[in-house]
Structure formats: structure tokens, C-alpha cells
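Q: Got a structure for you, questions after.
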Amino acid sequence: MSRFLFVVPPLVGHVNPTVSVAAELAGRGHRVAWAGLPRFVEELAGPEAEVFACEIPGLLERPTELRGAAALQFLWQEFFVPLADAMAPGVERAVREFGPDVIVSDQQTLAGALVAERLGIPYVTSSTTSAEFSDALDGMPKIGEWVASLVSELRDRIGDPARTHDPRFSPDLVLAFTTPELAGEGTYGDEVRFVGPALTRRPAGDFPWQWLDEDRSTVLVSLGTANTDVGARFLAECAAAVRERGRRVQAVIADPGGVLTAESDTDVLVLPHIPQLALLERASAVISHAGHNTVAESLWHGVPLVVAPIRDDQPLVAAQVTAAGAGVRVRFGRSGRRQIGAALDAVLEETQYREAARAIGASFRAAGGAAAAATQLEKFAVDRR
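Here the sequence shown stands for residues 829 to 1213, numbered as in my numbering.
So, in C-alpha cells, the structure goes:
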């Protein structure tokens, strides 16, 4: 038996994949614990999860107009670095009390990697988004140097100043919850293991399944849980595009922020939460912000996408989707019902998009998901003893 400590941020898309891996490890007889925000982890991993509390900075409120380099700078300065500083004492306390053989640190939770290197605990990187394998800083050398200086200063405070590698990539093992079919064929180090998405089983809950018309194509529309402040106009335009195609298309729209004022009708069903995995089994297309979880879950089911990235890693993931031929990109801030409708027509009617989505989905399933990730972690733990 080995002990694994998962260090995670308060981000649904980053915790969900690790929940399946942790459950797989526990099922094989290993001990699993978490370092993070207790109520957040317990909501996703279950109330029985063993969680060591970490301080978490206040919710990140980002100016909606930030894009490109400015958005990246804001994210590093206002989220990644403060999160690492705040979580470091809790991670160190978890190490002392739990005694992990291996720390599994989310790629954006730098406290896990830096505390691990300072205390001499072997650590593995959990890379839950394929965007980290894109050269996001290419063409922005000044930003790259600035990020490197932030990491160096952070390492001086909570890590091992003698180390020089990028703590977002363990030099020993990086679990990539994607495959090259989506991330792109590139030059990856020997430490990278592509395990594909680790889908987390979630209860379907109450849903009016009788509303679905089997004679029409079903489209899911979701902007995730972190974009409710900016999604009103785009969601309304999606609804309008679907209503214009109501004889052959219907839409289920996730609206957690309650921003749509129009009531549901026979063409559009608006709900605060949707059973996404269950609906994807019946879906013909997805309109999304290109959040990695939604993209991975859609492609797992062979469903093509219309992607409208908003911020963070979403433009990179959207670029991967279109480069792989599994979707069409539209501009979140400027596209109206005409552009959204044209993109939707393309992914519904042109077979190459669905064929590409199915090919990526096949690569995901072949990679092994949670079981493959757990096997890699088991081997890593044994090799480091």
C-alpha cells in the first residue's frame, strides 16, 4: 500500500479528473488524501474524502476586457502566485500528518510541487488541460521572462532554491489527461504519460428526459461554472440560432447564473444545471467556451463542437480542437446568431467533424483514463521507495 496526497486548486475542471484517479487508487487498497479547500473537495470527491485544509485566496474577480498577454499576467499575478503562497502551509501540514509516499500536484497548484521538492517528497504533475502542452508564451519572450522570475521568487519562499526546472512539469512524471490526437503531435519529454481523460461519474439528477424530441438533433450549450458573469449575450444568441432551426434542432442550455430571461419552450430548454455526461450520449453537437473538461467529455462521446473561447487556457484548447478537425471556432464577444448558426450547421451537417471527434474519442479510450493514471502512480511509488 502507498499513500498519495492530491494537491488541488478550487477549480472544478482540475479536481474532477483526479477524483476518478483517487477512487481507482483507493479501490486498489492505497491510501488517498487531499490538500485543498475542504468543502470544495468534499463536494466533488464525496463527504468521506480525507482533506487537509489549505488557505485559499478570495475568489478571483477578473476584468472581463482582459485578453492575451494582459489576461495571462493577471492570472499569474493575482491567482497562481497568491494561491501557492496561501496553500503552502496547509500542504506542509498535510505532509507532516499524512506522510505521503507521493504528492500528486495539479499543474496550476504550484504549492504542491514546491513544498514537495523542499521536503524531498517525490511528486507527480497532474496536467488536467491539454493547453499546458501548447507553446503559450511563444512570441512573448518578455512575458516568459516575467513568469520565470515570479516562479523563481516563489521558489525562494516556499520551495528549494537550488532547483531550476519549471515546477509545473515534474521532471519524473507528468500525467497528461489528454492524447496527442488532441494536444497535437509534438516533442514531449520521456516523463510525460498520456492517459486520456479520467471522466468522473456524476449523478444525472432530475431531468425532463421526455422533453427531448428523438427526431431532432440535440445540442448542448455550456459556458462552464466560472463564466456566468459574461455569458448572457452569447447564450441568448445561441438560443436564437437554435430557434431559427427549430424544426430540426433543439438545445439544452446550462445557465447556472440565471442570465437568460427567456423561458424555455419546445426548441430550447434552459436549466441551472444539466446532467452533461448523460446528455452527451444523446447529443449531436456541443457549443462551449472550450473548457478542457467539456471538450474532453464531448470528444470522448464522439460529439463535435462549436468553440467560443473566453479566457485563460480556452483559446489554446479551442485551437487544438480546430486543428484536430473536431470543431469550428467562433468569436465569443462578437458572434451573433448568424455566425453561431453557421458554425452549428457545419458541425451537424459536415461529416468530417464528427469523424474527427470520434477518432479523438477512440484515442481517449485507448489511453486508459483513470485506470492508466493509477497504474502509472503505483509504479512511480514503487520505483521511488
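In this text, a Cβ means the ideal position worked out from N, Cα and C, and glycines have one as well.
(1) Return the CA-CA distance between residue 1120 and residue 1064, expressed in angstroms with no decimal places.
(2) Confirm, please, whether the CB-CB distance from residue 1127 to residue 1202 is below 7 Å.
(3) How far does the beta strand (DSSP E) with residue 1083 in it reach, from first residue to last?
(4) Short check: CB of residue 1102 to CB of residue 1080, under 7 Å?
(5) Between residue 1213 and residue 937, what straight-line distance do the alpha-carbon atoms span, to the nearest angstrom?
(6) Taking 7 Å as the threshold (C-beta atoms), are residue 1011 and residue 1141 in contact?
(7) Count the other CB atoms within 10 Å of the CB of residue 980; is the residue buried (16 or more) or exposed (fewer)?
(8) My output table needs one value for residue 902: the three-state DSSP class, helix, strand or coil.
(9) Using three-state DSSP, classify residue 986 as helix, strand or coil.
(10) Between 1124, 1114 and 976, which has its C-alpha nearest residue 1067's C-alpha?
(11) In the DSSP assignment, what residue or residues form a beta bridge with residue 1050?
(12) Nearest to residue 918 by alpha carbon, out of 943, 1075, 951 and 1085?
(13) Please classify residue 951: does DSSP put it in a helix, a strand, or coil?
(14) With distances taken between CB atoms, is the gap from residue 952 to residue 1027 smaller than 7 Å?
(15) Where does residue 881 sit, in a helix, a strand or coil, going by DSSP?
(16) Write down every uninterrupted run of the alpha helix (DSSP H) in the stretch 1118-1195 whose length is 4 residues or greater and which is fully enclosed by it, in chain order.
(17) So what does DSSP say about residue 946, is it helix, strand or coil?
(18) For residue 1025 and residue 1091, what's the separation of their Cα atoms in angstroms?
(19) Check whether the stretch 867-886 touches the stretch 836-852, taking contact to mean three or more Cβ pairs, one atom from each stretch, closer than 8 Å.
(20) Among 1123, 1206, 1134 and 1146, whose alpha-carbon lies nearest the alpha-carbon of residue 1192?
(21) Looking at C-alpha atoms only, which residue of 1036, 1104 and 1145 is the closest neighbour of residue 1006?
(22) Under 8 Å Cβ to Cβ from residue 993, same chain only, skipping five residues before and after it: list those, please.
(23) Inspect the beta-carbon positions of residue 1132 and residue 1181 and report whether they are closer than 7 Å.
(24) Would you check if the distance between the CB atom of residue 1209 and the CB atom of residue 930 is smaller than 7 Å?
(25) Starting from the C-beta of residue 864, find all residues in its chain whose C-beta is less than 6 Å away, skip the five residues before and the five after it, and write them out in chain order.
(26) To which residues does DSSP link residue 926 through a beta bridge?
A: Let me lay it out:
(1) Within the sequence shown, the letter at position 292 stands for residue 1120. Within the sequence shown, the letter at position 236 stands for residue 1064. So the two alpha carbons sit approximately 23 Å from each other.
(2) For this step, residue 1202 is matched to residue 374 along the sequence shown. For this step, residue 1127 is matched to residue 299 along the sequence shown. No.
(3) Counted from its first residue, the sequence shown places residue 1083 at position 255. Here residue 1083 belongs to no beta strand (DSSP E), and DSSP marks it neither H nor E.
(4) Position 274 of the sequence shown holds residue 1102. Position 252 of the sequence shown holds residue 1080. Closer than 7 Å, so yes.
(5) Taking the first residue of the sequence shown as 1, we reach residue 1213 at position 385. Taking the first residue of the sequence shown as 1, we reach residue 937 at position 109. A straight-line Cα-Cα distance of about 25 Å links residue 1213 and residue 937.
(6) Translated into positions along the sequence shown, residue 1141 becomes position 313. Translated into positions along the sequence shown, residue 1011 becomes position 183. Against a cut-off of 7 Å, the Cβ pair of residue 1011 and residue 1141 comes out as no contact.
(7) Here residue 980 is taken as the residue at index 152 of the sequence shown, counted from 1. Counting C-beta atoms within 10 angstroms of its own C-beta, residue 980 has fewer than 16 neighbours from the protein chains shown and is therefore classed as exposed.
(8) Within the sequence shown, residue 902 is the residue found at index 74, counting from 1. Helix.
(9) Taking the first residue of the sequence shown as 1, we reach residue 986 at position 158. Annotated three-state conformation of residue 986 is helix, per DSSP.
(10) To locate residue 1067, count along the sequence shown from 1; it is residue 239. The residue with the shortest Cα to Cα distance from residue 1067 is 1114.
(11) The residue labelled residue 1050 in the question sits at position 222 within the sequence shown. Beta-bridge pairing links residue 1050 to 1116.
(12) Translated into the one-based positions of the sequence shown, residue 918 becomes position 90. Residue 918 has its Cα closest to that of 943, out of 943, 1075, 951 and 1085.
(13) As a working mapping, residue 951 is identified with position 123 in the sequence shown. In the structure shown, the three-state DSSP call for residue 951 is strand.
(14) Here residue 952 corresponds to residue number 124 of the sequence shown, with the count starting at 1. Here residue 1027 corresponds to residue number 199 of the sequence shown, with the count starting at 1. Residue 952 places its beta carbon 7 Å or farther from that of residue 1027.
(15) The residue labelled residue 881 in the question sits at position 53 within the sequence shown. If DSSP states are grouped into helix, strand and coil, residue 881 belongs with the strands.
(16) When DSSP assignments are scanned along the stretch 1118-1195, the uninterrupted stretches of alpha helix (DSSP H) that are 4 or more residues long and fall wholly within it turn out to be 1120-1128, 1142-1151, 1165-1177 and 1179-1195.
(17) As a position in the sequence shown, residue 946 is number 118, starting the count at 1. In the three-state reduction of the DSSP assignment, residue 946 falls in the helix class.
(18) Your numbering for residue 1025 matches position 197 in the sequence shown. Your numbering for residue 1091 matches position 263 in the sequence shown. Taking the straight line from one Cα to the other gives about 35 Å.
(19) The stretch 867-886 is in contact with the stretch 836-852.
(20) Counting from 1 along the sequence shown, the entry for residue 1192 is found at position 364. Closest option to residue 1192, Cα to Cα, is 1123.
(21) On the sequence shown, residue 1006 is found 178 positions in, with the first residue counted as 1. Of 1036, 1104 and 1145, the residue nearest in Cα terms is 1145.
(22) For this step, residue 993 is matched to residue 165 along the sequence shown. Excluding positions up to five away in sequence, the list reads 999.
(23) Here residue 1132 corresponds to residue number 304 of the sequence shown, with the count starting at 1. Here residue 1181 corresponds to residue number 353 of the sequence shown, with the count starting at 1. Here residue 1132 is near residue 1181, since their CB atoms are less than 7 Å apart.
(24) Taking the first residue of the sequence shown as 1, we reach residue 1209 at position 381. Taking the first residue of the sequence shown as 1, we reach residue 930 at position 102. Using a Cβ distance threshold of 7 Å, residue 1209 and residue 930 count as a contacting pair.
(25) Locating residue 864 in the sequence shown gives position 36, where the first residue counts as 1. Excluding positions up to five away in sequence, the list reads 836 and 882.
(26) Residue 926 sits at position 98 when you count from the first residue of the sequence shown. Its beta-bridge partners do not exist; DSSP assigns none.
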